[in-house]
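945 is the number of the first residue of the sequence shown in my numbering; add one for each residue after it.
Worksheet for the structure shown next.
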Amino acid sequence: MSLNKFSKTLTQEITNPAAKAMLYGIGLTSEDMQKAQIGIASTGYEGNPCNMHLNGLSVHVKKGIQENGMVGLIFHTIGVSDGMTNGNDGMSYSLPSRDIIADSIENVVGAQWYDGVIAVVGCDKNMPGAMMALARLNRPGMLVYGGTIKSGLYKGEKLDIVSAFEALGKKFAGNISDEDYEGVIRNSIPGPGACGGMYTANTMASSMEAMGLVLPNSSTYPATHEGKKEECLAIGAAMKVLLEKNICPRDIMTRHAFENAMTVVMALGGSTNAVLHYLAIAHSAGIKFTLKDIQDISDRTPLLADLKPSGKYYMEDVLAIGGMPAILKYLWQEGFLHGECLTVTGKTMAENLADAPDLNFETQKIIYPVATPIKATGHLQILYGNLATEGAVAKITGKEGERFEGTAKVCEREEEVIEFISKGEIKPGHVVVIRNEGPKGGPGMPEMLKPTSALMGAGLGNSVAMITDGRFSGGTHGFVVGHVTPEAQEGGNIGLVKDGDKITIDAVDNQIILHVSDEELAERRKLWKPLVSEHTSGVLRKYIKNVSSASLGCVTDL
Ligand code: FES
């Protein structure tokens, strides 16, 4: 079978002479005109550690592609750093970047007639955006994860990006000197790689390995590890197999593969953002996958990993215990994963895992045995009630308890939380309600890492809960409920809460209840008005107009 199924439109059809002339112009030879063309989409850019090395990795990918008789053509798409946008208005652009990445990869590969696509990605939105593009295009392809960062070190303590956020709360509480505050910030990020705990980037990386969309160990190798370069070079041979067998993303992204991905998110204590992203990726792949499916997976999957943010270890530590293949093998052997799912090696997951190392429960302490889990069911729980009639996502590892009853402290915007903490107005027993931060209201459904980190740093992490129609970072821990739908801007009851209202959050019965009568809510609704957006043109205006509810994954192409 011809491997240049798409690109031959430009290289062989007589009606496209200008396209062929341009391909000669970039240095291709007559021999190259017979070869498959592979688009290599890099989200590399210099301005952030998670992406700063990706253009270099793309060069290795290209080398592997060329060595295997194909033409590799690097192109670029955007990236937005959540570490840098959290807690400021830049965050409004973060979630929209996922869809721009998906659109731009789809756009380039579609327009340039590439026969396959490889996405080299490193940060939270890069991965779901690229997965959405692969699913939409359905041409042979895979992803390469840029790899996790090494931990930082200051005065003998390991650090990461969350250490820098939490330093602010310590400063407010007077628990850190100015020198140590600066010391933490200066030493938290020692070089390239994605934020180092089981935050959103590592959540998406490990779950896309479970989905079979990357070569084995892609989520294990840290950014600066030699194995990362070897992985990039090995992509060429794998890509050739995909083309020869015509294995396309939708052959891999089956319903069972989505279950595998979400199971790994639950077992490893991954980010709430995975809920949003896998709903959106499933939409791109034409797979029916809903909040209810995610709750079902949570109900049957124990939380096993002692990884940050709620646990002790970093992603870099996973390499020493056998890497992600060892974890997947254990989950598969215990009956939690579907082994028959096809992967980008051209083999099934079970075949890939046959030679993977076994976890040693005598020596390693990162993964708990299924018999004695950290929590018997998943830490991500879908809650419903009059505060979230279309659903909300709670992240409850059990360390915070599974039920919280308190009184509302309303913040109309994220910024107010920091103001209230600094004035000492947030007290134990409060349910901090942060509203007007949904996909349309935020806009862009910003992450609330700054408030949750500040609460932790101020010593309030165990005594207050937080709910929002915005999102939480993968770095967030504590008793938190995000993705409240409908959002305030769409008339959801979260917009009607007043200071002092009683709220119950119950992660056992999956409820989130505002103890205010329907009659009183109806009265309050008469006085309620949606906010007038300041975004009257441009990308955020487009986003506000197109974005769907968080309960549907915030997709923009419904
Ligand atoms: Fe890129 Fe955290 S900011 S992974």
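A virtual CB, placed ideally from N, CA and C, is assigned to each residue, including glycine.
In the DSSP assignment, F1109 falls within the unbroken alpha helix (DSSP H) covering 1105-1116. Counted as a single uninterrupted DSSP element, the alpha helix (DSSP H) harbouring G1073 occupies residues 1070-1081. With a threshold of 8 Å, the Cβ atom of Y1143 counts as near ligand 1, since some heavy atom of the ligand is closer than that. Between L967 and L954, the C-beta spacing is below 9 Å. Rounded to whole angstroms, the gap between the alpha carbons of G1118 and T1396 is 17 Å. In this structure, P1383 is the residue among Y1089, P1383, N1406 with its C-alpha nearest to the C-alpha of G1435. Counting along the chain, L1220 sits inside no beta strand (DSSP E); it lies in the alpha helix (DSSP H) bounded by residues 1217-1229. Relative to G1091, the option among D1450, N995, A1300 whose CA is nearest is N995. In this structure A985 is in contact with V1064, their Cβ atoms being roughly 7 Å apart against a cut-off of 8 Å. In this structure, N995 has its CB closer than 8 Å to one or more heavy atoms of ligand 1. By the neighbour-count definition (other C-beta atoms within 10 Å, threshold 16), G1368 is an exposed residue. Annotation: the continuous alpha helix (DSSP H) that includes D1043 extends over 1038-1056.
Per DSSP, the beta bridge partners of R1347 are D1450. The beta carbon of M1075 sits no closer than 8 Å to any heavy atom of ligand 1. When Cβ pairs closer than 8 Å are counted between the two stretches, the segment 1033-1048 is seen not to touch the segment 1006-1017, the count staying below three. Every alpha helix (DSSP H) of 4 residues or more that sits fully in the segment 1262-1308 is shown, in chain order, as 1267-1277, 1293-1297. E1170 sits exposed, since fewer than 16 C-beta atoms from the chains shown fall within 10 Å of its C-beta. By DSSP's assignment, V1354 forms a beta bridge with V1377.
Annotation for F1202: the continuous alpha helix (DSSP H) segment containing it runs 1199-1212. Between G1255 and the set T1307, Y1312, D1299, the nearest pair of CA atoms involves Y1312. Boundaries of the beta strand (DSSP E) around T1429: 1423-1429. A straight line joining the alpha-carbon of N999 with that of T1448 spans about 48 Å. For I1340, the closest alpha carbon among the candidates T1351, I1318, E1359 is that of I1318.
DSSP places V1005 in the helix class (H, G or I) of the three-state scheme.
For N1296, the Cβ stays outside the 8 Å cut-off from all heavy atoms of ligand 1. Taking C-beta atoms under 8 Å as the contact rule, G1214 and T1321 fail to qualify, at a distance of about 14 Å.
For the set V1361, V1337, P1372, the Cα lying nearest the Cα of E1349 is the one of P1372.
By the Cβ neighbour-count rule, P1301 is exposed, with fewer than 16 other Cβ atoms within 10 Å of its own. Check the Cα spacing between E1344 and each of F1423, I1271, K1291, G1419: the tightest is with F1423. At least one heavy atom of ligand 1 sits closer than 8 Å to the Cβ of S1025. For E1467, the closest of I1225, V1441, L1327 by C-alpha to C-alpha distance is V1441. The C-beta separation of E1011 from G1180 comes to about 6 Å, placing the pair in contact by the 8 Å criterion.
Runs of the alpha helix (DSSP H) lying entirely within the segment 1380-1406, each at least 4 residues long, are 1393-1401 in chain order. Between the segment 1250-1268 and the segment 1144-1161, the count of C-beta pairs closer than 8 Å reaches three or more; the two stretches touch. Here the C-alpha atom of P1193 lies approximately 44 Å from the C-alpha atom of E1360. Residue burial is scored here from C-beta neighbours: V1452 has fewer than 16 other C-beta atoms within 10 angstroms and is therefore classed as exposed.
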